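Contents: one structure, followed by commentary.
In the UniProt record's numbering, the protein residues as written are 1 to 160.
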């Protein structure tokens, strides 16, 4: 009787900001996130390359202008967008806060780069990358101190 092991992708990390959304003076008028999820990716084929584009769901805190509901924003980003965002974030933050910015999941190693499509677009690799990107965004965007010091970088990342 043979047994087979099937790969089951892990559930996305689910962190929730349970701090009150209203009345926060440090972030008055700024973005306030309740929940962030990096979801599935879409593989895009171009004439020259193939790459993954990640769907990010951002649930904002309810405000009086939203009628008490939590608005949702969906943005789509490539891994290189995360790399640029992290670099700009580190430049914008004071040295004392930079340690709070986590690393991104690793790039394809140099030894595996000759099989780039097979490695970078592998389901297990993509599942690990998604979990790492999810953790990165949650640790940055749910940290009110980081968010207040680098709100310009965050808005630029989300709007472009």
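We put the CB at the ideal spot given by N, CA and C, even for glycine.
Since the model is a prediction, treat every value here as computed from it, not as a measurement.
Put residue i into one of helix, strand or coil per three-state DSSP.
{"i": "residue 77", "result": "strand"}
{"i": "residue 101", "result": "coil"}
{"i": "residue 124", "result": "helix"}
{"i": "residue 108", "result": "coil"}
{"i": "residue 137", "result": "helix"}
{"i": "residue 90", "result": "helix"}
{"i": "residue 65", "result": "helix"}
{"i": "residue 96", "result": "helix"}
Buried or exposed for residue i, please, with buried defined as at least 16 other CB atoms from any protein chain shown within 10 angstroms of its CB.
{"i": "residue 29", "result": "Here the model assigns residue 29 a pLDDT of 49, short of 50, so the residue's position is not dependable, and the following value carries that caveat. With fewer than 16 Cβ atoms within 10 Å of its Cβ, residue 29 is classed as exposed."}
{"i": "residue 67", "result": "exposed"}
{"i": "residue 138", "result": "buried"}
{"i": "residue 74", "result": "exposed"}
{"i": "residue 134", "result": "buried"}
{"i": "residue 54", "result": "buried"}
{"i": "residue 25", "result": "Confidence at residue 25 is low in this model, with a pLDDT of 40, below 50, so its placement is unreliable and the value that follows should be read with caution. Exposed, since its Cβ has fewer than 16 Cβ neighbours within 10 Å."}
{"i": "residue 76", "result": "exposed"}
{"i": "residue 154", "result": "buried"}
From the DSSP output, read off the bridge partner residues of residue i.
{"i": "residue 41", "result": "54"}
{"i": "residue 59", "result": "35 and 72"}
Which two residues bound the contiguous alpha helix (DSSP H) that contains residue i?
{"i": "residue 145", "result": "144 to 149"}
For residue i, would you say it is in contact with chain C, using Cβ-to-Cβ distances shorter than 9 Å as the test?
{"i": "residue 58", "result": "In the structure shown, chain C does not exist; there is a single protein chain."}
Assuming residue i contacts residue j (C-beta within less than 8 Å), just tell me the rounded distance between them.
{"i": "residue 41", "j": "residue 52", "result": "4 Å"}
{"i": "residue 83", "j": "residue 93", "result": "Incorrect: roughly 16 Å between the Cβ atoms, too far for contact."}
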